[in-house]
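Numbered by full-length UniProt numbering, the letters in the sequence shown go through residues 1 to 423 in order. Glycine included, every Cβ here is placed at the ideal spot set by N, Cα and C. Fair warning: this is a prediction, and the values are worked out from it, not measured in the lab. Note sheet for the following structure.
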Amino acid sequence: MSDSSVPAASGPEGLTTADGVPLKQSLSRAVRRSRLKALLLVAPLLIFIGLAFVMPIFDMLSRSVDNPEVSTYLPRTSESLTQWDGEGLPGEAAYAALAQDLAAGLKARNLGRVASRLNYEMSGMRSLFMKSARKAGRMEAPFKAALIKADKDWQDPDIWRLIKRESGLYTASYYLAAIDRQFSPTGEIVEKPEYLQIHVVLFIRTFWMSAVITGLALLLAYPVAWLLATLPAGRGNLLMILVLLPFWTSLLVRTTTWIAILQQQGVLNDMLVGVGLIAEEARIQMIYNKTGTIIAMTHILLPFMILPLYSVMKTIPPSYMHAARSLGAGPVTAFRRVYFPQTLPGIGAGSILVFILSIGYYITPALVGGQSGRFITNFIAYHMQTSLNWGLAAAIGSILLVVVILFYLVYNRLIGVDKVKLG
Numbered sequence: 001m002s003d004s005s006v007p008a009a010s011g012p013e014g015l016t017t018a019d020g021v022p023l024k025q026s027l028s029r030a031v032r033r034s035r036l037k038a039l040l041l042v043a044p045l046l047i048f049i050g051l052a053f054v055m056p057i058f059d060m061l062s063r064s065v066d067n068p069e070v071s072t073y074l075p076r077t078s079e080s081l082t083q084w085d086g087e088g089l090p091g092e093a094a095y096a097a098l099a100q101d102l103a104a105g106l107k108a109r110n111l112g113r114v115a116s117r118l119n120y121e122m123s124g125m126r127s128l129f130m131k132s133a134r135k136a137g138r139m140e141a142p143f144k145a146a147l148i149k150a151d152k153d154w155q156d157p158d159i160w161r162l163i164k165r166e167s168g169l170y171t172a173s174y175y176l177a178a179i180d181r182q183f184s185p186t187g188e189i190v191e192k193p194e195y196l197q198i199h200v201v202l203f204i205r206t207f208w209m210s211a212v213i214t215g216l217a218l219l220l221a222y223p224v225a226w227l228l229a230t231l232p233a234g235r236g237n238l239l240m241i242l243v244l245l246p247f248w249t250s251l252l253v254r255t256t257t258w259i260a261i262l263q264q265q266g267v268l269n270d271m272l273v274g275v276g277l278i279a280e281e282a283r284i285q286m287i288y289n290k291t292g293t294i295i296a297m298t299h300i301l302l303p304f305m306i307l308p309l310y311s312v313m314k315t316i317p318p319s320y321m322h323a324a325r326s327l328g329a330g331p332v333t334a335f336r337r338v339y340f341p342q343t344l345p346g347i348g349a350g351s352i353l354v355f356i357l358s359i360g361y362y363i364t365p366a367l368v369g370g371q372s373g374r375f376i377t378n379f380i381a382y383h384m385q386t387s388l389n390w391g392l393a394a395a396i397g398s399i400l401l402v403v404v405i406l407f408y409l410v411y412n413r414l415i416g417v418d419k420v421k422l423g
């Protein structure tokens with residue numbers, strides 16, 4: 001064969017496919033097509049995550065700082081107060097602008113929105129706005145005297161400072177309220193009055209009780225998971241069915257069952273009285289308090305601790321313990337130095353799972369917690385459904401989200417997410 005039949009270039013740059021396309025270009029196209037196919041396969045999942053997870057979180061974060069009411073429904077007043085230095089009372093122009101905004105808001109039936117928004121910051125603002133708005137349409141200059149005549153609160157500089165401060169499109173007021181703080185009339189951050197301080201206590205209670213629930217779930221789940229991993233297949237499967245049985249029962253049913261068991265005239269107290277451990281008049285109050293919440297939630301979340309532990313224990317060969325015993329280690333030493341360290345990934349996975357689920361629980365604390373056993377999540381629901389203060393609810397939810405992320409980062413630092421085993 002002559003030298004002219006050999007390709008002029010060696011290597012992949014000089015090779016071509018059957019249709020004359022350079023081999024390198026053809027491979028590049030094939031890689032792009034495979035990536036596009038992979039993207040199309042996961043596209044439904046990405047869309048679902050975006051709609052069900054990312055967008056709600058983004059909406060929550062935006063609501064926690066969003067503050068359009070004052071600038072939208074009191075536009076003339078907001079504009080006129082930009083020139084006011086906050087000392088004394090604003091001039092006639094601000095009062096005239098307020099009278100126009102009140103009359104326009106009453107006619108458009110949207111004044112209640114800005115009145116409710118300012119009422120979150122200072123009690124009595126809603127009644128002040130609605131009372132003055134009914135007279136604003138008949139007011140004539142000088143508007144300052146007319147508004148003060150309609151209600152003497154309009155000569156309070158703190159009210160005008162509040163309107164000026166909340167005229168911005170964004171506010172930190174919701175986050176301050178979520179940690180029992182507020183702006184003073186002069187714009188400083190101060191504590192709320194003691195009788196209004198409730199959210200910090202609820203945050204502490206939520207984290208403390210979640211930690212207790214996690215610890216109790218670990219103590220109860222560890223021996224059950226060990227039995228599941230060591231029992232013969234037949235009895236192990238039966239025990240697994242009993243562990244999974246709560247997943248097939250409504251959460252509401254399980255919670256109300258605990259009400260029947262734990263109340264003073266319930267099953268548990270009847271048993272204690274029947275065997276003589278307590279007197280009839282000394283029945284124990286185990287429901288509508290912290291005790292009821294801890295017991296019910298520990299039972300409900302127990303499977304979430306058992307399953308990660310079981311998945312790890314099942315992979316530990318029994319020969320490890322036999323070897324430790326044969327080398328002279330006692331049962332406790334063999335467990336402490338050989339078996340227990342190998343179960344740490346399951347302990348970590350179950351603990352972080354139960355703890356995070358506990359923080360976000362709502363139904364069980366609401367039904368069995370009473371006043372002392374409710375979580376901060378119950379007040380998120382209250383602000384969304386009753387007080388309609390969605391901004392404060394979003395701020396509390398955002399703080400919870402940040403705390404959960406911090407716990408996750410600490411867990412990753414101490415144990416490592418790569419060691420987590422869920423199955």
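Close CB contacts of Leu51 within its chain, under the 8 Å cut and outside five residues either way in sequence, are absent. In the three-state reduction of the DSSP assignment, Tyr170 falls in the strand class.
Minimum Cα-Cα distance from Phe375 among the listed residues Val338, Ser26, Ala211, Met240 corresponds to Ala211. Fewer than three pairs of CB atoms, one per stretch, sit closer than 8 Å, so the region 177-196 makes no contact with the region 380-387. Within the model, the alpha-carbon separation for Ala103 versus Tyr408 is close to 52 Å.
For Ala394, same chain residues with a beta-carbon under 6 Å away, outside a window of 5 residues either side, are Met60, Arg63, Ser64 in chain order. Ranked by how close their Cα comes to the Cα of Ala225, the residues Trp208, Ile213, Phe207, Leu244 have Leu244 in first place.
Taking each of Glu280, Ile295, Glu281 in turn and checking the Cα distance to Ile287, the smallest one comes out for Ile295. With fewer than 16 neighbouring CB atoms inside 10 Å of its own CB, His322 falls in the exposed class. In this structure, the CA atom of Val253 is about 29 Å from the CA atom of Val201. Put simply, of Arg325, Gly346, Ile347, Gly348 the residue whose alpha carbon is nearest the alpha carbon of Arg337 is Arg325.
Proximity of the region 346-355 to the region 275-293 falls short of the contact definition, fewer than three beta-carbon pairs being nearer than 8 Å. For the options Leu40, Phe129, Tyr362, the alpha carbon positioned closest to that of Thr206 is the one of Tyr362.
The residue among Gly330, Leu98, Ala43 with its C-alpha nearest the C-alpha of Ala141 is Leu98. Apart from the 5 residues on each side of it in sequence, Leu196 sits with its Cβ closer than 8 Å to the Cβ of Asp180 in its chain, given in chain order.
By the C-beta criterion, the region 64-75 is judged to be in contact with the region 113-133, since at least 3 inter-stretch pairs fall below 8 Å. Counting along the chain, Gln385 sits inside the alpha helix (DSSP H) bounded by residues 376-385.
Taking Gln155 as reference, the option from Met305, Leu89, Val114, Arg113 with the minimal CA-CA separation is Leu89. Rounded to whole angstroms, the Cβ separation of Thr293 and Thr249 is 19 Å, and the two are not in contact under 8 Å.
The continuous alpha helix (DSSP H) containing Ile57 extends over residues 55-63.
Where Val190 is concerned, the enclosing beta strand (DSSP E) starts and stops at 189-191. In the DSSP assignment, Arg336 falls outside any beta strand (DSSP E) and carries neither an H nor an E. Nearest C-alpha to Phe355 among Ala217, Pro223, Thr257: Ala217.
Between the alpha carbons of Leu357 and Gln83 lies a gap of roughly 50 Å.
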